[in-house]
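Asks: Structure incoming, see below.
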Amino acid sequence: MARSTARKRALNTLYEADEKGQDILSLLAERIEHPGAQTPLPEYAIEIVRGVAEHRKDIDHLLGECSTSWKVSRMPVVDRNIMRIAAWEIVYNDEVPAGVAIDEALSLAKTLCDAESPNFIHGLLTAVAAKSEENQENVND
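Below is the structure:
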């Protein structure tokens, strides 16, 4: 299954947990154990959801640092979770180049969010990528 599809399925899970105020890993366990009418979650979707759950506080802190106009808690739920996925890929998944993570996030945003969201998401994720690269350079020095 394509990673784009896995990202969409991960977004669905993260969105549902966020909307219901449910623990992400508990919901993920339910989805894995009882997929219902849906096809089972792809392995990469599971990896994304687990990664976002494990690093959510750090991801949200980073998104908050890079956002000049919105607190993470006030961002639309879909936007927030699209950015969490991309930020996880940028910071914690070395297999995905930052540009790919940003492009995939924009693709989701263009189909699922309002008209202004893609520009906001692009700007914020570009700042996340720059900050991540800067932090990586500092570690390597």
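Residue 80 in numbering that gives the first Met the number 0 sits at position 81 of the sequence shown, and the numbers go up by one each step.
For every residue, glycine included, the Cβ atom is placed at its ideal position computed from N, Cα and C.
Quick caveat: nothing in here was measured; it's all calculated off a predicted structure.
Can you check the segment 30–92 for any alpha helix (DSSP H) of at least 4 residues that lies completely inside it and give the ranges in chain order?
Replies: The segment 30–92 contains these whole alpha helix (DSSP H) runs: 42–65 and 76–91.
Asks: Straight-line CA distance for G98 to E32?
Replies: Here residue 98 is taken as the residue at index 99 of the sequence shown, counted from 1. Here residue 32 is taken as the residue at index 33 of the sequence shown, counted from 1. Rounded to whole angstroms, G98 to E32 spans 34 Å at the Cα level.
Asks: Could you spell out the range, first to last residue, of the alpha helix (DSSP H) harbouring A108?
Replies: As a working note, residue 108 is residue 109 in the sequence shown. Looking at the DSSP string, the run of the alpha helix (DSSP H) that includes A108 is A97 to L111.
Asks: Using only CA atoms, which one of I58, D22, W69 and E64 lies nearest to Y91?
Replies: In the sequence shown, the residue the question calls residue 91 occupies position 92. Answer by Cα proximity: I58.
Asks: Would the beta-carbon of S116 fall within 8 Å of that of D78?
Replies: In the sequence shown, residue 116 corresponds to position 117, counting from 1. In the sequence shown, residue 78 corresponds to position 79, counting from 1. A contact, by the Cβ cut-off of 8 Å.
Asks: Could you tell me whether the Cβ atoms of I45 and L27 are closer together than 8 Å?
Replies: The sequence position of residue 45 within the sequence shown is 46, counting from 1. The sequence position of residue 27 within the sequence shown is 28, counting from 1. In this structure, L27 lies closer than 8 Å to I45 by Cβ.
Asks: By the 10 Å Cβ neighbour count, where 16 or more other Cβ atoms means buried, how is L24 classified, buried or exposed?
Replies: Indexing the sequence shown from 1 puts residue 24 at position 25. Exposed, because fewer than 16 other Cβ atoms sit within 10 Å of the Cβ of L24.
Asks: Which same chain residues end up closer than 6 Å to A16 when comparing Cβ atoms and leaving out the 5 residues on each side of it in sequence?
Replies: In the sequence shown, residue 16 corresponds to position 17, counting from 1. Within the same chain, A16 has close Cβ partners I23 and L26.
Asks: Would you call E103 buried or exposed, if buried means 16 or more other Cβ atoms sit within 10 Å of its Cβ?
Replies: As a working note, residue 103 is residue 104 in the sequence shown. Classification of E103: buried, given that the 10 Å Cβ count is 16 or more.
Asks: Does DSSP put D22 in a helix, a strand or coil?
Replies: Against the sequence shown, residue 22 aligns to sequence position 23. Coil, per DSSP.
Asks: Just to confirm, are I81 and L10 a CB contact at a threshold of 8 Å?
Replies: Stepping through the sequence shown from its first residue, residue 81 is reached at position 82. Stepping through the sequence shown from its first residue, residue 10 is reached at position 11. Yes, Cβ-Cβ distance for I81 and L10 is below 8 Å.
Asks: Under three-state DSSP, which class holds E94?
Replies: Mapped onto the sequence shown, residue 94 falls at position 95. Coil at E94, not helix or strand.
Asks: What does the alpha-carbon distance come out to for the pair R83 and W69?
Replies: Your numbering for residue 83 matches position 84 in the sequence shown. Your numbering for residue 69 matches position 70 in the sequence shown. Roughly 15 Å between the two C-alpha positions.
Asks: Around the C-beta of E94, are 16 or more other C-beta atoms found within 10 angstroms, so that it is buried, or is it exposed?
Replies: Mapped onto the sequence shown, residue 94 falls at position 95. It is exposed - the Cβ of E94 has fewer than 16 other Cβ atoms within 10 Å.
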